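Take a look at the structure set out below.
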Amino acid sequence: ISPVAIAFGTASKEKFRRAVEWAVVSSHVHPESVDAAVVQAKAVQLGLEFRRVAQECYSTSDSKLGDVEQSDVCRNQKTEKKIFSSVQFLTELISVAETDEMKNRLSFMLTQITLMSSLDTVLNDLEVLNKICDIRFQIRGVEAVAFVLWHVVRYWEDPEDCLIRAVSWGGDSDTTGAMVGAILGAMHGTEWVPRRWWEDLENGERGRDWAVETG
Numbered sequence: 000i001s002p003v004a005i006a007f008g009t010a011s012k013e014k015f016r017r018a019v020e021w022a023v024v025s026s027h028v029h030p031e032s033v034d035a036a037v038v039q040a041k042a043v044q045l046g047l048e049f050r051r052v053a054q055e056c057y058s059t060s061d062s063k064l065g066d067v068e069q070s071d072v073c074r075n076q077k078t079e080k081k082i083f084s085s086v087q088f089l090t091e092l093i094s095v096a097e098t099d100e101m102k103n104r105l106s107f108m109l110t111q112i113t114l115m116s117s118l119d120t121v122l123n124d125l126e127v128l129n130k131i132c133d134i135r136f137q138i139r140g141v142e143a144v145a146f147v148l149w150h151v152v153r154y155w156e157d158p159e160d161c162l163i164r165a166v167s168w169g170g171d172s173d174t175t176g177a178m179v180g181a182i183l184g185a186m187h188g189t190e191w192v193p194r195r196w197w198e199d200l201e202n203g204e205r206g207r208d209w210a211v212e213t214g
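Residue numbers for the sequence shown follow this note's numbering, beginning at 0 and rising by one.
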């Protein structure tokens, strides 16, 4: 799905969805599954856009901001937290979702994040996750994507912590971990990935170095 987000980042909403449909046709054809894949791909695309804007803001000195200074997203924004909005992120994802099952989960998360921001409260992850997915095993597409996105909107600032939190629930953790990792990679690049996660892996012909280079 991530390559679709890269290749079709500027495509229309219809072309973007069609590209995702073709990308997953060998394994996902149910409308809900396709919708979940579209939302996941869109999340990666938004992550890439966040990274581009963040790099643009931070690579330009205050005295040479030029047009960037006029951008709402860069004006007086000194931290990534101000550049990235979980509310806006979820709102954009809702706009590309088509099934009620996906929209309802995204809307519920949006409500929770909005409440957290307005009331300055800390949400209980377990309570929220139990509303949007089967926490025991997130096999259903709309549930897996909702599970993934909740971790992203809550913990995106610290990608290592975010990913650890997601996989620590167990269940379909290889899939959800890859999905969270794809979005975090789009947002933060690869510099944050700890060497201890991969430096001791087997390193044969198709081992660690090959995997890192391929990735």
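By construction, the Cβ of each residue, glycine as well, lies at the ideal position given by its N, Cα and C atoms.
None of the values given here were measured: they were computed from a predicted structure.
inquiry  = Cutting at 6 Å between CB atoms, please list the residues of its own chain near E97, excluding the five before and the five after it.
reply    = D34
inquiry  = My parser needs the alpha helix (DSSP H) runs of 4 or more residues fully inside the stretch 129-162; what are they?
reply    = Segments of the alpha helix (DSSP H) lying fully in the stretch 129-162: 140-154.
inquiry  = Quick check on I138: buried or exposed, where buried means 16 or more other Cβ atoms within 10 Å of its Cβ?
reply    = So I138 counts as exposed.
key: Between the CA atoms of W149 and L128 - distance to the nearest angstrom   = C-alpha of L128 to C-alpha of W149: approximately 8 Å in a straight line.
task = With DSSP collapsed to three states, give me the class of W191.
result = coil
task = Mind reading off the beta-carbon distance from A185 to G46? Whole number of angstroms is fine, and I expect it under 8 Å.
result = 3 Å
message = Between S1 and V43, how many whole angstroms is the CB-CB distance? I'm expecting something under 8 Å.
response = 5 Å
task = Given a cut-off of 8 Å, decide if E159 and W209 are closer than it, judged by their beta-carbon atoms.
result = No. Outside cutoff.
request  = List the endpoints of the continuous alpha helix (DSSP H) containing S32.
outcome  = 30-57
CA-to-CA distance, E156 to Q54, given in whole angstroms = Taking the straight line joining both Cα atoms gives about 15 Å.
key: Span separating the alpha-carbon of A165 from that of K14   = 31 Å
key: Cβ separation of V151 and I131, assumed to be a contact under 8 Å, to the nearest whole Å   = Contact annotation, V151 with I131: C-beta distance approximately 13 Å; criterion of less than 8 Å not satisfied.
key: Rounded separation between D199 and R205 - CA only   = 14 Å
query = Terminal residues of the continuous alpha helix (DSSP H) containing V3?
reply = 1-6
inquiry  = Once DSSP output is grouped into helix, strand and coil, what is the label at N103?
reply    = Helix at N103.
query = Going by beta carbon distance, what residues of the same chain come within less than 8 Å of L105, once the five residues before and after it are set aside?
reply = V38, L89, L92, I93, A96, A145, L148
ask   = Where does E142 land, buried or exposed, given buried means 16+ other C-beta within 10 angstroms?
value = Burial is judged here by how many other beta carbons sit within 10 angstroms of a residue's own beta carbon; E142 has at least 16 and is buried.
Backbone CA spacing between M101 and G203 [nearest angstrom] = Cα to Cα, the separation comes out at about 42 Å.
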